[in-house]
């Protein structure tokens, strides 16, 4: 488990990092917490010539709220999020998602930005960020752009980021009144990745019917996705067990479903519906109780 | 690993067939193809830099077209070596007319992967292979479009279709 | 610390250094001028090797040498196999493949360079031309006439066929009053996955003509002999040291080609050479465990009494034999009757070559397979006869008075009380309450499962007459002039904690403080002879050798003390740092006797100076620890997910010297066993590629996946050794797997399920649930 040689850069500011990346072109690779990239380098599946370690850029490690929007710096570790009192109060879905990631060691080192940029089709964050309708901030020497979460994940381990762009922060709306959310997951027993992971947010109207439901699903397809069929089926309905179950049955509609040694496409499709139902039930319960 | 699927190219079957047989078009369509040269036996030798996200590997590939039945079908055999492993694949490509202006390419084959990718990548292999195939067809469709429907030349000195 | 120490939860002597990161493992060894080795390994399961192009590797920065199979032929002996089975075929097994590769991961070339990085980079530059051959992956297909043959010179893929018969199974076929139950079980291939991978440093010193090898091994003395043979050195010129070893689970009870190559490279280059295995190499090229297909016929009386068992074992041995490869499945045959005195037995074991890594001893080594077979059978009997699994077991247990019990398999169980351990675990689990809860939940569509396993294992390996290369063990106790005690053992513990239990034995026996005893093991220059640590033998055999050596020492000290005190040696006892008469009237300090013995001023006639005794203990029989486990599982009726809700274990490993060490062994063993039942599986694809080649896919159990294990003991001492200990290192792994599988099958009883092969992945369960309730 010995990587190929590489040159190491440790910029101190985002500006410094972006000019480095602009110069290095496709030979450069950003290192954040190192929990996706380093294992691949050790296996020699990835052999970047230059590593740009953004781990020392202090401005990237924040978690704050501005006008009802939560902003999380790319370098926030899963543990930072899991243990954030602000998020526990204002965006509990992120806390619940963080808790389900890997193990203690992974959560202590791995970062939300690194995980999202890696775009592993079974990672947990994409489901949550999609369900929250978040956006991703990317900075390059060419400037900053905001990428809506639903445009961010393109394919297996492929995001909308250009090679010279740094994912600097994630912005998600705080939990509104009459809102509830939940993240549920079937862990792969070896990797801890999601065989299926479902993040749901439910907003109820004053009458107690579903004003808006959002469902992000990971682990099922080559990229995490919004289950729009589920969302549409539930909109305007009362969050009864029957309505939720009927809506959840659309969890994998029109989706090309993954198949691997642990779970066939059939089984994953089934799990997607079950976990969607359970996540929606829990989110709706919480919304009703809020 | 079984690989199958289909892709619709918005061009007549004859044009699609010709371009599939055209090494230059193939070279431009194969993801990460850095060089492609004919071998004396009629096969091609290609240098491919294939990658998914941060995973990138260089492969030396031998590509062979077998039993072509113009303009309907042929078998393709690929033997790739490099990046700590190998990929061998063989499959059948079938071209079906879908109206006069569209061609449906159906592929079905079997790939054998060995080395580090095989031993650690089973979870993502199928999806990654599909992504690479789809990258090929997207690039190929663009190439075919350029041939079948050349954009009007803005400069009369530059011909609008490939040489 | 209070005496007696034996039986107390004495804290481990090993822990302070290990917990503080101060232990020294092979990779911590740094020697001046040390080089690093890396291997180029086969990408193919089965292929002829054409040319190997090494020029680029040789020219790479820092590279000192590159070796291929051709380069070492005749210079380095074959990788050894010690198993003795009649008619066994042993393929030549070179440390580097010569003209053919037979599994993915087989070493093809070795690079030695100035750093590990340079070696790895250069190994990647080696180009091997392979001519792929059809891979033999399925052991049953490997037996077919039309199968490709892996070792052409051996004729076919059958390594051996062994038969074991007792009683008369044939006569049962005619008995129409008997119910015949047929079954087929697959015991899947597993990886041992010790936390520390393999590693070796070989340092040949030309001036002294001495080869010193540090290896992460369980058997330093065996390794020394074998490396001396492979390298054509006198054993006196070869020293093996097992430094701290981070787990082995049997995988380091072996002699590997990489160890041979490190020695060869160091001999040729006159410099130390280090090789540290990576995790991917560890999964590909360290021995695997299990991998059997069992076809069974069971003959049962209507009252549940099992009278006959026929079993065919197809053992997938992999491509080559490692040290004990073919012997492992024969242990399954030997222990197939478990806790039940079934009068008629017939087992045919067929060892088969396939294009995979060799299987060999993995914690339990053949006995987990046996326990799995017989404990699944007992549940099948209960299922077919609609009996409670407890009643079936009670019906078939021998009485405690039947021991020593000679079985038709040819083994004689020493002592046991199976009824007692089963009753105790049922009480701990609240069995009848659980059954009621199960009934209640079933009505609500929830699936609770209760699974039993009553196991017996064969341990304390073993009488030399039954072992491939000696089953005795060496122990030495010496007392230094300051009165402190040094203990040497030929065993090689690697996490089990015998530095602690050996010190307990000696401190108690000599009546001195625990801290005054230091235990050494693992260096062949320090410990003159030894066999090693495996087969739950370390305390039972190695501890006894120390106990006997200590007995000799005490005899001598008593004679000296008696001479001083004017009493008979037999009247003296050792306690509280004194040697005294039972009534304490006459007494002399331990230190005084030590001084007298060593400075030899007034020794009684016929006594030599010094306090230094050793013993070699040869056990007269194996020991047979046993126990009863109960697993309680919940099955999610919608997804097939399984949750282990409770686990209860009652184990009898004979006399318990340190309950904390026993608990530790049981907890770890049960976790590994649950791993086999629920998660672990090495999968080769149809081309022989290992597709579970990293810990992202190979599911090693993790602490958060478990409930707390409720463990208890019963103590049935063995007469086989004077300590009365039986051994506990493998008990959990042997006992627990069928308990979990039985629990899941029990949970799914409403679906008419008879059997599910391991690992019990949720998708398998879901597919069963999907078919719906059958009865």
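Chains as they are written, first to last, in my numbering: chain A, 1 to 290; chain B, 1001 to 1163; chain C, 2001 to 2775. A virtual CB, placed ideally from N, CA and C, is assigned to each residue, including glycine.
In three-state DSSP terms, what is residue i?
i	result
residue 2713 of chain C	strand
residue 2766 of chain C	helix
residue 2411 of chain C	coil
residue 2610 of chain C	coil
residue 2146 of chain C	coil
residue 115 of chain A	helix
residue 2403 of chain C	coil
residue 2225 of chain C	helix
residue 2527 of chain C	coil
residue 2109 of chain C	strand
residue 2075 of chain C	coil
residue 2019 of chain C	helix
residue 2594 of chain C	helix
residue 2013 of chain C	coil
residue 1160 of chain B	Residue placement at residue 1160 of chain B is flagged as unreliable, the pLDDT there being 41, under the threshold of 50; the coordinate-derived value follows with that caveat. Coil.
residue 2559 of chain C	helix
residue 2262 of chain C	helix
residue 1962 of chain C	Here chain C comprises residues numbered 2001 to 2775, so residue 1962 of chain C is not present and cannot be evaluated.
residue 270 of chain A	helix
residue 2652 of chain C	strand
residue 2759 of chain C	coil
How many angstroms separate the CA atom of residue i from the CA atom of residue j?
i	j	result
residue 2519 of chain C	residue 2021 of chain C	20 Å
residue 2617 of chain C	residue 2548 of chain C	8 Å
residue 56 of chain A	residue 2129 of chain C	46 Å
residue 2223 of chain C	residue 2139 of chain C	30 Å
residue 228 of chain A	residue 128 of chain A	15 Å
residue 2493 of chain C	residue 2252 of chain C	11 Å
residue 1144 of chain B	residue 1072 of chain B	17 Å
residue 1112 of chain B	residue 1003 of chain B	10 Å
residue 2480 of chain C	residue 2597 of chain C	10 Å
residue 2540 of chain C	residue 2604 of chain C	35 Å
residue 39 of chain A	residue 1116 of chain B	13 Å
residue 155 of chain A	residue 194 of chain A	16 Å
Any heavy atom of the ligand NAP closer than 8 Å to the CB of residue i?
i	result
residue 2658 of chain C	For the structure depicted, the ligand NAP is absent and the ligand set is empty, with no information on it obtainable.
Can you list, in chain order, the residues of its chain with a C-beta nearer than 8 Å to that of residue i? Leave out the 5 residues immediately preceding and following it.
i	result
residue 2753 of chain C	2745 and 2768
residue 2464 of chain C	2470, 2471, 2472 and 2618
residue 209 of chain A	236, 237, 238 and 239
Rounded to whole angstroms, how far is the Cβ of residue i from the Cβ of residue j, which I believe are closer than 8 Å?
i	j	result
residue 2724 of chain C	residue 2655 of chain C	4 Å
residue 2328 of chain C	residue 2352 of chain C	The Cβ separation is near 13 Å, so there is no contact.
residue 2588 of chain C	residue 2556 of chain C	Not really, about 14 Å apart at Cβ, beyond 8 Å.
residue 139 of chain A	residue 36 of chain A	Not a contact, Cβ separation roughly 20 Å.
residue 1119 of chain B	residue 2691 of chain C	7 Å
residue 2538 of chain C	residue 2496 of chain C	6 Å
For residue i, which residues from the same chain have a beta carbon less than 6 Å from its beta carbon, with the 5 sequence-adjacent residues on both sides left out?
i	result
residue 1106 of chain B	1006 and 1094
residue 2550 of chain C	2477, 2506 and 2509
residue 2001 of chain C	Reliability fails at residue 2001 of chain C, whose pLDDT of 49 lies under 50, so the model's placement of it is uncertain and the value that follows must be treated cautiously. Here the set comprises 2514.
residue 267 of chain A	none
By Cβ distance, which residues of its chain are closer than 7 Å to residue i, with the 5 residues on each side in sequence left out?
i	result
residue 2544 of chain C	2617, 2721, 2722 and 2723
Exercise for the section: Return the residues of the stretch 30 to 62 of chain A that lie within a Cβ-Cβ distance of less than 8 Å from chain B, sorted by chain order. Expected result: Taking 8 Å as the cut-off between beta carbons, the residues of the stretch 30 to 62 of chain A near chain B are 36, 37, 40, 43, 44, 45, 46, 47 and 48, in sequence order.
Exercise for the section: Using a Cβ-Cβ cut-off of less than 8 Å, give me the residues of the stretch 1104 to 1120 of chain B that come near chain C, in sequence order. Expected result: Only 1112, 1113, 1114, 1115, 1116, 1118, 1119 and 1120 from the stretch 1104 to 1120 of chain B bring a Cβ to less than 8 Å from some Cβ of chain C.
Handout entry: Residues of the stretch 2022 to 2051 of chain C whose Cβ lies closer than 8 Å to any Cβ of chain B, in chain order
Key = Listed by position, the residues of the stretch 2022 to 2051 of chain C near chain B (Cβ gap below 8 Å) are 2043 and 2044.
Practice task
May I ask you to list, following chain order, the residues of the stretch 2179 to 2195 of chain C that have a beta carbon less than 7 Å from some beta carbon of chain B?
Solution key: Listed by position along the chain: nothing, the set is empty.
Problem - chain C contacts from the stretch 1068 to 1088 of chain B (Cβ-Cβ distance under 9 Å) - result: When C-beta distances to chain C are compared with 9 Å, the residues of the stretch 1068 to 1088 of chain B below that value are 1081, 1084, 1085, 1086 and 1088, in chain order.
Practice task
May I ask you to list, following chain order, the residues of the stretch 1119 to 1148 of chain B that have a beta carbon less than 9 Å from some beta carbon of chain C?
Solution key: Considering only beta carbons, the part of the stretch 1119 to 1148 of chain B lying closer than 9 Å to chain C consists of 1119, 1120, 1121, 1122, 1123 and 1125, in chain order.
Problem - Chain-ordered residues of the stretch 2714 to 2744 of chain C with a beta carbon less than 9 Å from chain A - result: Within the stretch 2714 to 2744 of chain C, no residue has its Cβ closer than 9 Å to any Cβ of chain A.
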